[in-house]
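Protein chains in written order, with this note's numbering: chain A, 4 to 468; chain B, 4 to 468.
By construction, the Cβ of each residue, glycine as well, lies at the ideal position given by its N, Cα and C atoms.
Bear in mind that the values here come from a model prediction, so they are computed numbers and not experimental data.
Number of protein chains: 2
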Amino acid sequence: MTTPYWVQDSIFYQIFPDRFANGDKANDPVNVQPWGVKPTHLHYMGGDLQGITQKFNYLLDLGINAIYLNPIFHSTANHRYHTIDYFRIDPFLGSMNDFKALLNVAHNNNVRVILDGVFNHCGRGFFAFINVLENQEHSPYCDWFHIKNFPINAYGKGEAQDYLAWWGFRSLPKFNTDNQQTRKYLLDVARFWIDQGADGWRLDVPNEIDDDKFWAEFRDTVKSANPDSYLVGEIWTPDRRWVGETHFDGLMNYPFREAIIEFLTSDVLPVSEFANRIENLLNLYPKENVYAMYLPLGTHDTERLFSKMGNNLEKVKLAFLIQFAFPGAPAVYYGDEIGMQGGKDPESRGAFPWDDLESRTELHNWVKVLISLRKQLPVLRRGNYQRIFTDDRRHVFALARMLGDSSVLVAINASSTRRHVRFNVLDLNWGDGRIVRNLLGKEEYIVSEGRLAVSLPPWGGLWVA
Amino acid sequence: MTTPYWVQDSIFYQIFPDRFANGDKANDPVNVQPWGVKPTHLHYMGGDLQGITQKFNYLLDLGINAIYLNPIFHSTANHRYHTIDYFRIDPFLGSMNDFKALLNVAHNNNVRVILDGVFNHCGRGFFAFINVLENQEHSPYCDWFHIKNFPINAYGKGEAQDYLAWWGFRSLPKFNTDNQQTRKYLLDVARFWIDQGADGWRLDVPNEIDDDKFWAEFRDTVKSANPDSYLVGEIWTPDRRWVGETHFDGLMNYPFREAIIEFLTSDVLPVSEFANRIENLLNLYPKENVYAMYLPLGTHDTERLFSKMGNNLEKVKLAFLIQFAFPGAPAVYYGDEIGMQGGKDPESRGAFPWDDLESRTELHNWVKVLISLRKQLPVLRRGNYQRIFTDDRRHVFALARMLGDSSVLVAINASSTRRHVRFNVLDLNWGDGRIVRNLLGKEEYIVSEGRLAVSLPPWGGLWVA
Chain A
4 MTTPYWVQDS
14 IFYQIFPDRF
24 ANGDKANDPV
34 NVQPWGVKPT
44 HLHYMGGDLQ
54 GITQKFNYLL
64 DLGINAIYLN
74 PIFHSTANHR
84 YHTIDYFRID
94 PFLGSMNDFK
104 ALLNVAHNNN
114 VRVILDGVFN
124 HCGRGFFAFI
134 NVLENQEHSP
144 YCDWFHIKNF
154 PINAYGKGEA
164 QDYLAWWGFR
174 SLPKFNTDNQ
184 QTRKYLLDVA
194 RFWIDQGADG
204 WRLDVPNEID
214 DDKFWAEFRD
224 TVKSANPDSY
234 LVGEIWTPDR
244 RWVGETHFDG
254 LMNYPFREAI
264 IEFLTSDVLP
274 VSEFANRIEN
284 LLNLYPKENV
294 YAMYLPLGTH
304 DTERLFSKMG
314 NNLEKVKLAF
324 LIQFAFPGAP
334 AVYYGDEIGM
344 QGGKDPESRG
354 AFPWDDLESR
364 TELHNWVKVL
374 ISLRKQLPVL
384 RRGNYQRIFT
394 DDRRHVFALA
404 RMLGDSSVLV
414 AINASSTRRH
424 VRFNVLDLNW
434 GDGRIVRNLL
444 GKEEYIVSEG
454 RLAVSLPPWG
464 GLWVA
Chain B
4 MTTPYWVQDS
14 IFYQIFPDRF
24 ANGDKANDPV
34 NVQPWGVKPT
44 HLHYMGGDLQ
54 GITQKFNYLL
64 DLGINAIYLN
74 PIFHSTANHR
84 YHTIDYFRID
94 PFLGSMNDFK
104 ALLNVAHNNN
114 VRVILDGVFN
124 HCGRGFFAFI
134 NVLENQEHSP
144 YCDWFHIKNF
154 PINAYGKGEA
164 QDYLAWWGFR
174 SLPKFNTDNQ
184 QTRKYLLDVA
194 RFWIDQGADG
204 WRLDVPNEID
214 DDKFWAEFRD
224 TVKSANPDSY
234 LVGEIWTPDR
244 RWVGETHFDG
254 LMNYPFREAI
264 IEFLTSDVLP
274 VSEFANRIEN
284 LLNLYPKENV
294 YAMYLPLGTH
304 DTERLFSKMG
314 NNLEKVKLAF
324 LIQFAFPGAP
334 AVYYGDEIGM
344 QGGKDPESRG
354 AFPWDDLESR
364 TELHNWVKVL
374 ISLRKQLPVL
384 RRGNYQRIFT
394 DDRRHVFALA
404 RMLGDSSVLV
414 AINASSTRRH
424 VRFNVLDLNW
434 GDGRIVRNLL
444 GKEEYIVSEG
454 RLAVSLPPWG
464 GLWVA
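Below, the structure is given as structure tokens:
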């Protein structure tokens, strides 16, 4: 086993630090925006590390046991992907002490914390790039980047002409990871934060560092600092290359998210095709990596789940029902559990509405139940996956998770019509006369002639056991 | 007494870190220049903190007991006045551990270390300025600087148009120290390094922060961290404003240097005028500040003493003789004790010629004797100053230092002709028949009729006691 033992038992919560909670007004930017205004690319709302620590009871009540923090290092942007210092907490988020305090409360409550690692590029305010800007071809750091010609101009209009940059953005010069000094620097960063207590890294756009040896070294570095560290890559497409002994434990399973969204929002994806797509994702990777996948329904880089579902609460609940029944580590993007809305960045990075939780209890409770059941039932976390039923005409799908004697039947009606369905449950070893019930409701069913007859509400689903 | 007790007993050695000694080749820039090539504005020679630590025996043999280090914080330039991180040692100089090791060996040998504080401006790679460059008028840091209009352009040609900068250099944006956040940041820096063990600050261009309250706060901050810290301002002109309870303990006494150089290299400065000038400097300031002045004959900002003296060894020795007889803390710019040559910056910042010390022993030994005597004789450090004799026609000057029963007569011949002179020594309480001798040679003299007859070689001097 080379993936960390704990990931398949984890439920992640992704936090965009500027927008989750403001725990220390003293570190706010002077031009901090009021909490809850329409998010922009440029402004801060004042969220910080103390805010997360102070709201830890909320996270524990929700039930999550792992956190993925969007970048927290010193940066020039509210999203902090424009890193200027990889060894320092952004002052608007707090201090190293605040980070240690957060880790402390997390670890004392058996919650793990992984960080966002942006190693393909830096901000143009990063010291080595600054040195090139100052000294041009005389800089000792020229070879840290991919410079095409001097003098380089980092602040003009248009795409970067003189050096490689992420998507051509002058503000994000790409590292030359072939340079051993640069490599050492980045690996030192990777080790440093693990040594400080972080439980792993989410790697930003790792496919843009197209160098298997770099990632093998990266993995060695992190795992030698802590063998239980989790490495998860931001890979948007199904791609076997990025998992395994020389790469990552898991990937951000965006294709899984896309399949669910297409399944629940378009008329063109037949149930069997949906099943094929998600099962292909299970078959593409070694099993241990499948169980170490990070399963998002939304992130800082996507529309909000609620909006994506056309503000249809039933569909949102159904999406979570599927997500929490799948192998891997389900991940909740902060606020998706209470139905926060918004289009793509920056809209999807709104301030968490602490003063408006009472009107959002239905979804909130639903997610709490799913998390609680997933934590109670090892079969949902560690069980095998098996397809049970697909009906393209009626849009009904069923799968099972099975572990030893334990089985859960997951049934989904992806249509606006109530469906009455009989599933063959022989594979679940459920004998005739066995009484099972919907874990998410009160219905009881009896197995008869190797089959189970259930009624599925519109855009509804069951977890039966 | 508000100036630190130790300064008047100190002999400073000023080190330009890139050029003193390379102790760790592993931290050299990739394009490091060979040690000893002609210095340029752009290149590094690899000197570092470990180098100073490794050469500490040389410093102890020379006899100095205080070090003024040119800037050591993370910067984009070999002189490190373009600060990009005030809380970090420049990686080409080493690490915080290297700094602590240097402080350790220094303090264990009763050598104090003061740092160069550049608080008027930063490098344009400093995080707050970078943030303004990135976010322009939306940046939370706009008020850290003096921005005239947006967008600001930091990298074009010509003087800074959009913001105040030191001498108009775009690369050196001036801080707005009226902003309380900026002020707090700079004061935090000041305290941090004192807390790390530094023994004081040399303040770079402090007159450009034309704000007495700022400097009062600065002093309070530093002195509350360590009441024995030394504060010395880079003030080039005689100016009472900058010393005292709300400013600095001493100033870099450039006017003293200029007087000595003019006295020994031009024919137009009569001895009496020279005496007036240096005595005015003694009278301008409170006595405790006079004794806490930093007395340089050369620095990183001037021509080398040896070159300034027309490569005349006797004049160089005479200059040191005067310097070490004066109230205040004599300071040796690294290499001046072995006659390093060079015009203004960058020439005066050459690499210390460790492989060429044997040919330079005469001056080296001379300086060692002066230092040793100054350390042996409290009268030279703490004694009162008194003019004894001026002869404009023959260019002879004599002063005395007197402390209790102890006196030293300092006689100087600033001409190319041997002079026979009789000094009235009644003020020294030297009675007739008393035998005194030249501390710097072997001559003995007998006091007769209240006078002392001495012979002064061309461009030569005596310390008689």
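is_contact[residue i, chain A] using C-beta, thresh 8 Å
i             : result
residue 133/B : yes
residue 75/B  : no
residue 356/B : no
residue 174/B : yes
Residue i versus residue j - alpha carbon distance
i             : j             : result
residue 250/B : residue 343/A : 56 Å
residue 423/B : residue 317/B : 18 Å
residue 199/A : residue 108/A : 14 Å
residue 127/A : residue 420/A : 54 Å
residue 50/A  : residue 373/A : 28 Å
residue 2/B   : residue 11/B  : What the structure shows of chain B is the stretch from 4 to 468, and residue 2/B is not part of that stretch, so it cannot be assessed.
residue 315/A : residue 213/A : 40 Å
residue 463/B : residue 173/B : 48 Å
residue 45/B  : residue 144/A : 13 Å
residue 362/A : residue 147/A : 52 Å
residue 400/B : residue 393/B : 5 Å
residue 333/A : residue 386/A : 15 Å
residue 181/B : residue 60/A  : 41 Å
residue 347/A : residue 82/A  : 14 Å
residue 164/B : residue 120/B : 26 Å
residue 227/A : residue 245/A : 19 Å
residue 98/B  : residue 110/B : 18 Å
residue 37/B  : residue 112/A : 56 Å
Chain A residues whose Cβ lies nearer than 8 Å to that of residue i
i             : result
residue 46/B  : 141
residue 192/B : Going along chain A, no residue has its Cβ under 8 Å from residue 192/B, so there is no contact; the nearest lies around 14 Å.
residue 85/B  : 137
Contact set between residue i and chain B, taken where Cβ atoms lie within less than 7 Å
i            : result
residue 79/A : 133, 134, 137, 138
residue 32/A : 143
Short CB-CB distance (under 8 Å) between residue i and chain B
i             : result
residue 146/A : yes
residue 128/A : yes
residue 505/A : In the structure as shown, chain A starts at 4 and stops at 468, and residue 505/A therefore has no counterpart that could be examined.
residue 158/A : yes
CB of residue i within 8 Å of CB of residue j, strictly
i             : j             : result
residue 355/A : residue 22/A  : yes
residue 254/B : residue 296/B : yes
residue 190/A : residue 237/A : no
residue 402/A : residue 388/A : yes
residue 55/A  : residue 76/A  : no
residue 453/A : residue 429/A : yes
residue 294/A : residue 241/A : no
residue 136/A : residue 158/B : yes
residue 20/A  : residue 73/A  : yes
residue 391/A : residue 366/A : no
residue 274/A : residue 417/A : yes
residue 322/B : residue 411/B : no
Proximity test, residue i beta-carbon vs the ligand FMN heavy atom, cut-off 7 Å
i             : result
residue 383/A : This structure lacks the ligand FMN; in fact it carries no ligand of any kind.
- Task: For the stretch 25-63 of chain B, list the alpha helix (DSSP H) runs that are entirely contained and at least 4 residues long, ordered along the chain.
- Result: 52-57
- Message: Ignoring anything shorter than 4 residues, give me the alpha helix (DSSP H) runs that lie fully in the stretch 271-357 of chain B, in order along the chain.
- Response: 274-287, 290-293, 308-311, 316-326
- Message: Quick check on the DSSP output: what are the complete alpha helix (DSSP H) runs of length 4 or more inside the stretch 211-274 of chain A, in order along the chain?
- Response: 215-228, 257-268
- Message: Quick check for students: name the residue ranges of the alpha helix (DSSP H) that lie wholly in the stretch 170-204 of chain B, counting only runs of 4 or more.
- Response: 183-198
- Query: Which runs of the alpha helix (DSSP H), 4 residues or longer, sit entirely within the stretch 86-140 of chain B?
  - Reply: 99-111, 130-138
- Item | Segments of 3+ residues assigned as beta strand (DSSP E) that fall wholly inside the stretch 384-408 of chain B | 387-394, 399-406
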